[in-house]
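Residue numbers (UniProt numbering), protein chains in the order written: chain A, 1 to 403; chain B, 1 to 403.
We treat Cβ as the ideally placed atom computed from N, Cα and C, and that holds for glycine.
The model shown is predicted, which means the values in this text are computed figures rather than measured ones.
One structure is given here, and the rest of the page talks about it.
Number of protein chains: 2
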Amino acid sequence: MPARDTVEPWNRQRLRAGNERLLLDRLRTLGTASRAQLARETGLSKPTVSSALASLEAAGLVHEVGTRAPERGRTAVLYAPDPAAGYALGVDIGRGWLRVAVVDLDGRVVARADVRNRARASAALTGLVVDTARRVIGDSGVDPARVVHGVIGTPGVYDERQRRVRYAMHLPGWGRAGLVDRMCEELGVPLEVHNDANLAALGEYTYGVGAGSRLFAYILIGPGLGMGIVSGGRLFTGARGLAGEIGFLPWPGRRGPKTAEAGTARAREPERLEDAVSGTAVVEAARSFGMSGQLSAKTVFDAARQGDAAAVRAVELEGERIAHTVAAAAAVLDPDLVVLGGGVGHSVDLLLGPVREHLRALTPLRPVIAPSRLGEDAVLLGATATALDTARNLVFERRTGDA
Amino acid sequence: MPARDTVEPWNRQRLRAGNERLLLDRLRTLGTASRAQLARETGLSKPTVSSALASLEAAGLVHEVGTRAPERGRTAVLYAPDPAAGYALGVDIGRGWLRVAVVDLDGRVVARADVRNRARASAALTGLVVDTARRVIGDSGVDPARVVHGVIGTPGVYDERQRRVRYAMHLPGWGRAGLVDRMCEELGVPLEVHNDANLAALGEYTYGVGAGSRLFAYILIGPGLGMGIVSGGRLFTGARGLAGEIGFLPWPGRRGPKTAEAGTARAREPERLEDAVSGTAVVEAARSFGMSGQLSAKTVFDAARQGDAAAVRAVELEGERIAHTVAAAAAVLDPDLVVLGGGVGHSVDLLLGPVREHLRALTPLRPVIAPSRLGEDAVLLGATATALDTARNLVFERRTGDA
DNA sequence: CGATAAAGTTAAGGAGCCTTACTAGAGCCG
DNA sequence: CGGCTCTAGTAAGGCTCCTTAACTTTATCG
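And the structure:
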């Protein structure tokens, strides 16, 4: 496999930086450790560890946190990364809710807000995001200058060139150019934008059931349909960031490979897989099976739980369609785990059975299927996890500058 | 994105090795360069380049290859990597043909053989591989000890634990355990086994139309159906090496999402996508449309080229089914390029039109679709490219040992 | 033939790591 | 209680390898 990683020359400064980085990372995974312990674990000599750790402490990235007495011998001084050396911002812009959180470098949430998103225009939405973020940072008591990076999760894909979000049909006005730049400016925090399904996948990988999976897929079923793919701990985005846009999967409802010839397209089938699987599709299916009244995905699932025949059939159909989606993803990606989340997350217990059953009929590849553990928080936590990663890098790289 | 790369400490020796590596890699991409030029390009100082290059030369990895006079000033001494510092072996085990090639470190083929594979048992096949490989190495005039690594391409997936190839239905006896170990022993060359579609993808990426693609998919249509995925220059294999096993894609012929309810499974449709798209499926389709006689995929395509109505319909159907495959892959992976290869490679010109047309109806995502440039050689060249990469690493790492 | 420019070497200096040898502190044991 | 032993951490010296700067060599140009 070609493609090298590093292109920079390795001089002594890089050597030093590399070792400090190594120590800091090890300290983060261990939580707390003495110098002697770090020397044993990293393979560096004790003097080197002492001096590198002194640099890190001078930069404010690390500090003493107490002592520990070994079974015999001198008590060791323990060090730990300083969680307050920087903060990261996570934002989840959904159709119904706006969620914002600030986390410290340990990943702990220090402040959070969930507000209803009633914005119907771009200016209202950006204003709401900026105001809420300012309020959350204020609530946290953190110096705003210490918030070094932010990540926003949203439906659609951010186009770096045009500086706008594309394919975000459910958020009115959100596709205008320059919105993110303006928020970035007003908040004074560098912002990145990522697809919500991708972030949910990363969140579930970092804090939820995905931990340790070699390749896992997170299917986000809400107002829309999306999939996030995490491969070896990294997001898999495809050539243009559109990987996992499974709303576009070929779907017999649209124009089956065989019906093309005969021209016998069937009437009531939705045109796109997205419309067939998303939350609104459940409602439509329930209606076509005879349910009536004010329906939402939640009420249909609740009715199915009560044994309502039409609702049960709608849920069954939804399970079948999800199975189709999972089967396609399994054949192409070979995941060891598929997580179902999003709006239907609360009702995955009802769906798991039908999905697994139909999957048996569709394909011999059967990855483990599990419900989301983070539920509605997956996108937000994925955003903070991503921002956290960048923030840790930034704080480390700036360590020589000021402090 | 979490997951760090290096875990080892950076001491002085690693520093030196890293810089030598940097120089060697740069020399490989440039082909040939002077010391001053390398110093400018890598950012290392001239004395460092001189001394590191002297080490590499002492190890036999690099040598002088002449001089070049700049516009003004002293003539420069040019260096280049020594292609004879090691060799790599590539093997393509197909149902009809066995292909073996030996390449030098520059990737140039120094000897090659293509023989018919008539083996019908495991012993015959391993014997044929070993004999042919020995013969090719002999023909090349290369010291067998200098062949440091080999890669074998085959249908199916190699299971490291059970030490056998799985899912290779078209090769009788090839699934037995320990075969690869035995060949490795008899040849005295470390061997790896990879899926043929994966290697073809890598071959097409390295030497063919895939060059520079951020994410590209190679669909191998032959006796079977497979897909290789190259992401950022690296093979994407999924959790268990089964990524791209698109023979398992859900296919309405098997049991469409809708026919499940109505129970109106249609008669003549193949059960699995693999059977519907592979070369033999073209023959069956042609037959069902009225062609008769001794048919092969090639004869059907030839007849279509002549205007035979039944053959044209069969090709049309094949194009439609391939479009289904491409659409599924596009929605999940977002490739910027999809290459069609394998046995149908010669006839891709006939298929491209129908595939593109049906794709328009299936999905708004339309990656570039191109025919394979390497044709039947894709698997073999992918095998040599993969073996070459390992061989280069091995030769570099052994540089201090003997030489 | 001297000025200029580029390639490459030599010499001096320094950064950072390792090893060795030491000090500091804590428990155990006679 | 003093010495022994074991671990943590520090100090000094040495080694490797990189950089800077000056110098040599060799080519072209006026």
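Within the region 314-327 of chain B, the residues whose Cβ lies closer than 7 Å to some Cβ of chain A are E320, R321, H324 and A327, listed in chain order. E64(B) is outside the set of residues whose beta carbon lies under 8 Å from a beta carbon in chain A.
V300(A) and V326(A) do not touch by the CB rule: their CB atoms are close to 21 Å apart, not below 8 Å. Residues of the same chain with a CB within less than 7 Å of the CB of A121(A), apart from the 5 flanking positions on each side, are P172 and G173 in chain order. With respect to the C-alpha of K298(B), the residue from P223(B), N11(B), P335(B) and L362(B) having the closest C-alpha is P223(B). Taken in chain order, the unbroken stretches of beta strand (DSSP E) that lie wholly in the region 143-222 of chain A and span 3 residues or more are 147-154, 157-159, 164-166, 191-195 and 215-221. Residues of chain B with a Cβ closer than 8 Å to the Cβ of P9(A) are, in chain order, N19, L22, T42, G43 and L44. For the region 91-106 of chain B, no residue has a beta-carbon sitting nearer than 8 Å to a beta-carbon of chain A. In the DSSP assignment, E357(A) falls within the unbroken alpha helix (DSSP H) covering V348 to L362. For A361(A) and S231(B), the gap between their C-alpha atoms comes out near 31 Å. The C-alpha of T206(B) is placed about 26 Å away from the C-alpha of V130(B). The alpha-carbon of D377(B) is positioned some 39 Å away from that of A201(A). Against chain A, the beta carbon of D334(B) has neighbours under 9 Å at T237, G238, A239, R240, G241, L242, A243, G244 and E245, listed in chain order. If the five residues before and after L380(B) are omitted, its C-beta is found closer than 6 Å to the C-beta atoms of G90, D92, R99 and A101, all from its own chain and listed in chain order. For I322(B), the enclosing alpha helix (DSSP H) stretches over residues A309 to L333. Three or more Cβ pairs closer than 8 Å define a contact, and the region 53-72 of chain A falls short of that threshold against the region 351-360 of chain A. Boundaries cannot be given for L61(B), as no alpha helix (DSSP H) includes it and DSSP labels it neither H nor E. A direct Cα-to-Cα measurement between S50(A) and R35(A) gives close to 6 Å.
H358, A361, L362, T363, P364, L365, P367 and A385: these are the residues of the region 353-385 of chain B whose beta carbon lies less than 9 Å from some beta carbon of chain A, given in chain order.
DSSP places D92(B) in the uninterrupted beta strand (DSSP E) bounded by Y87 to I93. Between the beta-carbon of G247(B) and that of L273(B) there is about 6 Å, and that keeps the pair under the 8 Å contact cut. Under the Cβ criterion of 8 Å, L15(B) is counted among the residues facing chain A. Between A383(A) and L199(A), the C-beta spacing is below 8 Å.
Apart from the 5 residues on each side of it in sequence, G156(A) sits with its Cβ closer than 6 Å to the Cβ of V165, R166, Y167 and A168 in its chain, given in chain order. From the listed residues Q162(A), R16(A), I322(A) and A80(A), the smallest Cα separation to L105(A) is found for A80(A). Under the DSSP assignment, G226(A) falls in the beta strand (DSSP E) whose first and last residues are L225 to S231. Secondary structure of L78(A) (DSSP, three-state): strand.
In chain order, F301 place their CB closer than 6 Å to the CB of S347(B), counting only its own chain and leaving out the 5 sequence neighbours on each side.
By the C-beta density criterion, E397(B) is exposed, having fewer than 16 other C-beta atoms within 10 angstroms. Look at A331(B): its C-beta is under 8 Å from a C-beta on chain A. Below the 8 Å Cβ cutoff, chain A contributes no neighbours of L351(B), its closest Cβ being approximately 15 Å away. Here N393(A) is exposed. Its C-beta has fewer than 16 other C-beta atoms within 10 Å.
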